[in-house]
Amino acid sequence: MKRPTIADVARRAGVSKGAVSYALNGQPGVSEATRQRILAIAAEIGFSPSSAARALSGASANAVGLALCRPARILGIEPFFMELISGVEAELSARSYALTLQVVADPDAEIAVYRRWWAERRVDGVFVCDLRTDDRRVPALEELQLPAVVIGGPGHTGGLAHVWSDDATALVETVEYLVALGHRRIARVGGLPSLLHTEVRSDAFTEVCARLGLDESVTVWSDYTGEEGARATRRLLSSPHRPTAVIYDNDVMAVAGLSVAQEMGLTVPGDLSIVAWDDSPLCQLVHPPLTALGRDIPAYGAHAARQLLQVIAGEPVSGVQGETAHLTPRGSTAPPRTR
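All residue numbers for the sequence shown refer to the UniProt record's numbering, where the first residue is 1 and numbers rise by one.
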């Protein structure tokens, strides 16, 4: 079946191709009644201008972009990004906007994607995830003047709008909860150390452990995958001064840690208490169900989408603090067994 053309729209509407171009690109030159008739005919026959034509005309793409510098296999199993995207999509679809998603290998490739998208007018704005300290993407986006919202912060966002959550407060609450249960040897399996939110959590963990006199507290690094989370857990539990509680930076690593503890003959929560970051169905399907830090991630994504649409519309937007993760105790945490 032949792809519809601008000539097909013009013929059906009984107008010139120039009039169709004016109507589709929101330019003056046709009456509002004619514009609406042309738009209806274009929708009926499935015609849309090419990206090249949009770039020449300056018309809106009615799409926003999300480039993720994460292995695709991680995105398929980590609930956080799926929930975030669901919230973004819910808000965008209500405004007839589409989401363009691309997985990239490194920050340089991500910046190249932004340049291409903006040059070709494929998107009207972008989301930026996994903020780093001194993030090169921020000045690159500012130079491009590409509307953007950073999902992260505060700080290191330049002049870009951003939405963020107070990870430090949530981390302190978790450590204080475990100490109240009687734990003194607490470990943390962190995510990628280059990410700003990992650094924020690490600093908060170090400070609260020092304040509470937890001299044997330790953080080990991982990459959010179950495999690396399991390896980190084995190292911790094989130590002569093994922890009695472990906090994991995501749910996938926490589930893997639970499996390792059981594999090594330890009971949860008798021998080891486990806390997961970002509550999800995974945390509630395992036995025992995992104590977890949770927040409404789809709402977080919807909030970011509303911000980006405001930026695209030229409205003033700055940093907005979202919901702080709250702790939900379940069967994976209890007072430590005396040894």
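All residues carry an ideal CB built from backbone N, CA and C; glycine is no exception.
What is the DSSP secondary structure of residue i, counted as helix, strand or coil?
i       : result
Gln-27  : coil
Ser-259 : helix
Ser-280 : coil
Arg-115 : helix
Leu-195 : strand
Phe-80  : helix
Gln-321 : strand
Gly-314 : coil
His-326 : strand
Arg-132 : strand
Ala-180 : helix
Ser-93  : helix
Met-1   : For Met-1, the predicted model reports a pLDDT of 40, less than 50, meaning its position is unreliable and no value from the coordinates is stated.
Please classify residue i: is it buried, with 16 or more other beta-carbons within 10 angstroms of its beta-carbon, or exposed?
i       : result
Asp-135 : buried
Met-1   : Because Met-1 sits at a pLDDT of 40, beneath the cut-off of 50, its placement in the model cannot be relied upon, and the point is left open.
His-241 : exposed
Glu-91  : buried
His-183 : buried
Leu-285 : exposed
Ile-45  : exposed
Pro-281 : exposed
What number of angstroms, rounded off, separates the C-alpha of residue i from the C-alpha of residue j?
i           : j       : result
Ile-151     : Ala-302 : 11 angstroms
residue 351 : Pro-79  : The first residue shown for the chain is 1 and the last is 339, placing residue 351 beyond what the model contains.
Ile-41      : Trp-117 : 28 angstroms
Leu-258     : Gly-87  : 29 angstroms
Ala-313     : Val-126 : 13 angstroms
Arg-185     : Glu-216 : 6 angstroms
Val-123     : Glu-83  : 22 angstroms
Leu-308     : Leu-272 : 43 angstroms
Val-15      : Ala-43  : 16 angstroms
Trp-277     : Ile-74  : 16 angstroms
Ala-67      : Gly-270 : 42 angstroms
Starting from residue i, trace the beta strand (DSSP E) both ways and give me its first and last residue.
i       : result
Pro-99  : Looking at the sequence itself, residue 99 is Leu, so the reference to Pro does not match. That run of the beta strand (DSSP E) goes 98–103.
Ala-224 : The sequence as given places Tyr at residue 224; Ala does not occur at that position. Taken as a continuous stretch (DSSP letters only), Tyr-224 belongs to no beta strand (DSSP E), as it is neither H nor E.
Leu-293 : 291–294
His-162 : 161–164
Arg-188 : 186–190
Ala-63  : 63–68
If I follow the unbroken alpha helix (DSSP H) through residue i, where does it start and stop?
i       : result
Ala-13  : 6–13
Val-138 : 137–144
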